[in-house]
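Engineer: These protein sequence lines are chains A and B, in that order.
With full-length UniProt numbering, the residue at position 102 of the first sequence is 102, and numbering never jumps.
With full-length UniProt numbering, the residue at position 2 of the second sequence is 2, and numbering never jumps.
Beta carbons are placed, not taken as given, at the ideal position from N, Cα and C, and that holds for glycine.
Remember, predicted model here, so these are calculated numbers, not experimental data.
Below is one structure. I have some questions about it.
There are 2 protein chains.
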Amino acid sequence: MDTIDPDQRGSGTAVLLADTLDCPSRPVLDLLGSKWSVLIILNLAAGTCRFTELRKAVTGITPKVLTANLRGLERDGLVSREIFAEVPPRTEYSLTPLGESLLVPYKAVQDWAWEHWGTILERREGQSATRPAAG
Amino acid sequence: MDTIDPDQRGSGTAVLLADTLDCPSRPVLDLLGSKWSVLIILNLAAGTCRFTELRKAVTGITPKVLTANLRGLERDGLVSREIFAEVPPRTEYSLTPLGESLLVPYKAVQDWAWEHWGTILERREGQSATRPAAG
DNA sequence: CCGTATCCTGTAAGATACTG
DNA sequence: CAGTATCTTACAGGATACGG
């Protein structure tokens with residue numbers, strides 16, 4: 001592997017992170033990074049939700065997109081869906097233990113965001129770039 | 001706000017995360033989540049890199065995309081670019097302190113990935129979904 | 001209430017070729 | 001070496017309407 005040479009820098013951080021290139025961080029970031037999933041998971045973290053409740057809570061999401069996200073999260077074992085055969089129909093979504101474990105890395109991202117996001121926004125004002133503005 | 005009712009669940013986690021809905025976690029996740037940025041930052045974490053070095057290290061990236069990502073990271077103050085007016089030309093990219101601070105949330109994601117990603121992959125095998133497979 | 005079904009759009013990214 | 005210039009593709013997401 002010639003991707004990284006930890007000796008190039010004295011810091012211990014580099015060594016720590018060299019391995020990450022072989023680890024599945026990227027797919028997990030895809031998982032976390034999809035536009036709505038974080039809001040869905042955060043809402044579910046506050047308690048079980050029905051479809052329409054989520055739809056209201058996650059402002060702006062369309063039913064199609066909400067369904068798609070929920071199905072994906074369910075497939076990955078992060079969210080569980082319980083269907084009640086009643087009239088009118090009822091479906092309840094909640095976080096699985098695996099889904100709840102995601103709150104830990106979320107927290108780290110959140111902490112970083114609170115501390116540094118303002119700095120980035122300041123920089124962006126009056127600048128332009130090819131890269132997405134992320135918001 | 002009626003987006004979340006922390007009292008719905010006894011757990012302390014919910015209260016902790018209720019605030020996150022108002023915080024800039026999402027844009028930061030966009031920042032981290034762009035397909036290549038994590039690999040770029042991780043490589044730069046190991047030491048200063050020239051354009052071509054990054055191109056080799058980040059396997060599969062095209063120069064256009066690499067440039068676009070680097071410009072965005074530079075705009076946001078995560079990466080600095082130093083140009084040497086020499087022949088042949090030389091440009092060196094490195095992480096700013098702000099960029100290095102990103103390694104902390106990365107680490108949290110990475111830890112989660114190592115612990116739980118296998119579980120998710122197992123679940124995905126033999127299943128299909130509307131959601132992107134993320135890898 | 002809980003979704004599906006279509007159609008459409010925006011944009012990151014890929015392929016390829018070229019320049020200071 | 002360090003990029004830029006086009007063109008094209010893939011796909012999450014948006015708008016809107018309908019079905020069980």
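Mind checking whether arginine 77 of chain A and leucine 102 of chain A have CB atoms under 8 angstroms apart?
Structural biologist: Just to set this straight, residue 77 of chain A is glycine in the shown sequence, not arginine. For glycine 77 of chain A and leucine 102 of chain A, no; Cβs fall outside 8 angstroms.
Engineer: Let me confirm a value: arginine 26 of chain A is counted as buried when at least 16 other C-beta atoms fall within 10 Å, else exposed. Which label applies?
Structural biologist: Burial call: buried.
Engineer: Under 8 angstroms by Cβ, that's how I've got tryptophan 112 of chain B and valine 28 of chain A pegged, so tell me the actual separation to the nearest angstrom.
Structural biologist: Confirmed, about 6 angstroms.
Engineer: Just the C-alpha distance for glutamate 82 of chain B and arginine 81 of chain A, rounded to the nearest angstrom, thanks.
Structural biologist: Their backbone Cα atoms lie some 52 angstroms apart in a straight line.
Engineer: If you count every other CB in all the chains shown that lies within 10 Å of the CB of serine 128 of chain B, and 16 or more means buried, which is it?
Structural biologist: Interpretation of serine 128 of chain B is limited by its pLDDT of 46, a score under 50 that renders its predicted location unreliable; the figure taken from the coordinates is listed afterwards. Classification for serine 128 of chain B: exposed.
Engineer: For the region 24-35 of chain B, which residues have a beta carbon sitting closer than 8 angstroms to at least one beta carbon of chain A?
Structural biologist: Against chain A - using a Cβ distance shorter than 8 angstroms - the residues of the region 24-35 of chain B are Pro24, Ser25, Arg26, Pro27, Val28, Leu29, Asp30, Leu31, Leu32, Gly33, Ser34, Lys35.
Engineer: Run through DSSP, which three-state label would isoleucine 83 of chain A get?
Structural biologist: Here isoleucine 83 of chain A sits in strand by DSSP.
Engineer: Can you tell me whether DSSP reads serine 37 of chain B as helix, strand or coil?
Structural biologist: Serine 37 of chain B: helix per DSSP, three-state reduction.
Engineer: Assign proline 89 of chain B to one of two classes, buried (16 or more other C-beta atoms within 10 Å of its C-beta) or exposed (fewer than that).
Structural biologist: Looking at its Cβ environment, which holds fewer than 16 other Cβ atoms inside 10 Å, proline 89 of chain B is exposed.
Engineer: Using a Cβ-Cβ cut-off of 8 angstroms, state whether leucine 66 of chain B counts as contacting chain A.
Structural biologist: It does not; no Cβ of chain A falls within 8 angstroms.
Engineer: Less than 8 angstroms between CB atoms is the rule here; does tyrosine 93 of chain B satisfy it with respect to chain A?
Structural biologist: Not one chain A Cβ lies under 8 angstroms of tyrosine 93 of chain B.
Engineer: Would you please state the rounded distance, in angstroms, between the beta carbons of leucine 95 of chain B and alanine 45 of chain B? I believe it to be under 8 angstroms.
Structural biologist: Going by Cβ atoms, the distance from leucine 95 of chain B to alanine 45 of chain B rounds to 6 angstroms, so yes, they are a contact pair.
Engineer: Looking only at its chain, what residues have a beta carbon closer than 8 angstroms to the beta carbon of leucine 66 of chain A, apart from the 5 residues adjacent to it on each side?
Structural biologist: The answer, listed in chain order, is Trp36, Ile40, Phe51, Leu54, Arg55, Val58.
Engineer: If residue 144 of chain A sits next to threonine 48 of chain A, beta carbons under 8 angstroms apart, how far is it from one beta carbon to the other, in whole angstroms?
Structural biologist: No information on residue 144 of chain A is available, as it lies outside the stretch 1 to 135 that chain A covers here.
Engineer: So, using beta-carbon positions, are proline 24 of chain A and tryptophan 117 of chain B closer together than 8 angstroms?
Structural biologist: Taking 8 angstroms as the Cβ cut-off, proline 24 of chain A and tryptophan 117 of chain B qualify as a contacting pair.
Engineer: Who pairs with leucine 95 of chain A in a beta bridge, going by DSSP?
Structural biologist: According to DSSP, leucine 95 of chain A bridges with A:Val79.
Engineer: Assuming the contact rule is C-beta atoms closer than 8 angstroms, glycine 33 of chain B and glycine 60 of chain A should be a hit. Round their C-beta distance to whole Å, please.
Structural biologist: Not quite, the Cβ-Cβ distance comes to about 19 angstroms (not below 8 angstroms), so this is no contact.
Engineer: Using a Cβ cut-off of 9 angstroms, pull out every chain A residue sitting near serine 101 of chain B, in sequence order please.
Structural biologist: Here the neighbours are Trp112, Glu115, His116.
Engineer: Measuring straight from C-alpha to C-alpha, what distance separates arginine 71 of chain A and lysine 64 of chain A?
Structural biologist: Each residue's alpha carbon lies about 11 angstroms from the other.
Engineer: Alpha carbon to alpha carbon, how far is leucine 42 of chain B from threonine 91 of chain A?
Structural biologist: Using only the alpha carbons, I get a separation of about 42 angstroms.
Engineer: Taking 8 angstroms as the CB-CB cut-off, is isoleucine 83 of chain A touching chain B?
Structural biologist: Cβ-Cβ to chain B under 8 angstroms: no for isoleucine 83 of chain A.
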